[in-house]
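A short worksheet on the structure shown next.
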């Protein structure tokens, strides 16, 4: 018989400091991800953050939830949960463990659930359960700024694993051409001044507050501080064994989450970008600007400064600004991010004319 255990914010701190967690051969959350959940400004004391499926003393599945607030109006919000990291032990498939985890999650969160970035298999399960509706399909763009065939192809087919030397040569040749082609895109970077940051000061806080009024999940200074300082992925050359006991991303060879101030020549703050770089892949979880030229040049600055290989953006205003300036000349393709919403929540929120940022949900962390 399957029993579902619920761990709230208070219980999560106790759990990651327990002998049970320390001695586990499979864990439902990494320690640093748990610390991030506990530090979440939107998490309430008794919000259930983790659901464990137990068969006797053995954990056979788990499901996480990230608390958030949907901004109904300037003075009113609706407390919701983003469903995340659903896992079931393959030895126990067919016992409807995932369905039991989701059902208990819905009960605990009063059916106020959203989710995104789910696999195709998970999407079929959610559709079969009949408890979600499509919420949004957000169209984005992914640019391939540098060739990474050596990284992309070997995992797809065995033959490419024997061709790494050739793929490296092809990458070098393509990137030499791309470097010549795109160097002209950087010509106006000097028109603005840039400064990286890891803490939100009063000036940044006020700028964000002023430019975030129409967001679905409005971020304040303390939210951005949390995102910057409590990552779910750590940059580490050595795995330290966590990947063997935790089934979701927790370490990468290179992962960075930072903020970028953009100022004009007069020294006025005209743009803020919270960005991540994961093994050469640039994403922009949160963007705030009053000058589209400043934003565009800020992105070009990041592309050059971090030798970016791939860049993905969903933010509609940001995409419009980049297309208007015609500076992203690399090969690209359209990408789609799908969002699902529970029936109950769909009836209680109105998303018309509200902005969804790229980092909303758990996307800022992955």
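Residue numbers (the working numbering): 203 to 568. From the three backbone atoms N, C-alpha and C, an ideal C-beta is built for every residue, glycine too.
Pairing residue 276 with residue 342, the inter-Cα distance amounts to about 28 Å. The beta carbon of residue 508 sits closer than 6 Å to those of 479, all from its chain and outside the five residues before and after it, given in chain order. Judged by DSSP in its simplified three-state form, residue 444 adopts helix. As the crow flies, the alpha-carbon of residue 322 is around 20 Å from that of residue 562. In chain order, 243 place their CB closer than 6 Å to the CB of residue 424, counting only its own chain and leaving out the 5 sequence neighbours on each side. Per DSSP, the unbroken alpha helix (DSSP H) holding residue 506 starts and ends at 494-507. When DSSP states are grouped into helix, strand and coil, residue 475 belongs to the strand group. The three-state reading of DSSP puts residue 256 in strand, counting E and B together.
If only uninterrupted beta strand (DSSP E) runs of at least 3 residues are considered, those enclosed by the segment 229-299 are 250-257, 260-275, 278-290. With 16 or more other Cβ atoms from the protein chains shown falling within 10 Å of its own Cβ, residue 272 counts as buried. About 12 Å separates the beta carbon of residue 497 from that of residue 396, a gap too long to meet the 8 Å contact definition.
Excluding five sequence positions before and after residue 436, the CB atoms of its chain that fall closer than 8 Å to its own CB belong to 234, 452, 453, 454, 457, given in chain order. Counting the other CB atoms within 10 Å of its CB gives residue 211 a total of 16 or more, which places it among the buried residues. The alpha-carbon separation between residue 254 and residue 414 amounts to approximately 36 Å. When the beta-carbon positions are compared, residue 267 and residue 285 come within less than 8 Å of each other. For residue 338, same chain residues with a beta-carbon under 6 Å away, outside a window of 5 residues either side, are 541 in chain order. Residue 342 is bridged by DSSP to 537.
Within the same chain, 542, 543, 544, 545, 548 come within 8 Å of residue 335 by CB-CB distance, once the 5 residues on both sides are set aside. For the 8 Å CB-CB criterion, residue 316 and residue 287 do not form a contact. When DSSP states are grouped into helix, strand and coil, residue 224 belongs to the helix group.
Of the candidates 224, 506, 206, 249, 224 places its Cα closest to the Cα of residue 444. According to DSSP, residue pairing for residue 397 in a beta bridge involves 463. Checking the DSSP bridge columns, you'll see residue 420 has no partner listed. Contact check for residue 207 against residue 239 fails: the beta carbons are separated by 8 Å or more. Counting C-beta pairs closer than 8 Å gives three or more between the segment 459-472 and the segment 481-494, which meets the contact rule. Straight-line measurement puts the Cα of residue 394 at about 46 Å from the Cα of residue 229. Restricting attention to 477, 405, 515, 422, the CA atom closest to the CA of residue 535 is found in 515.
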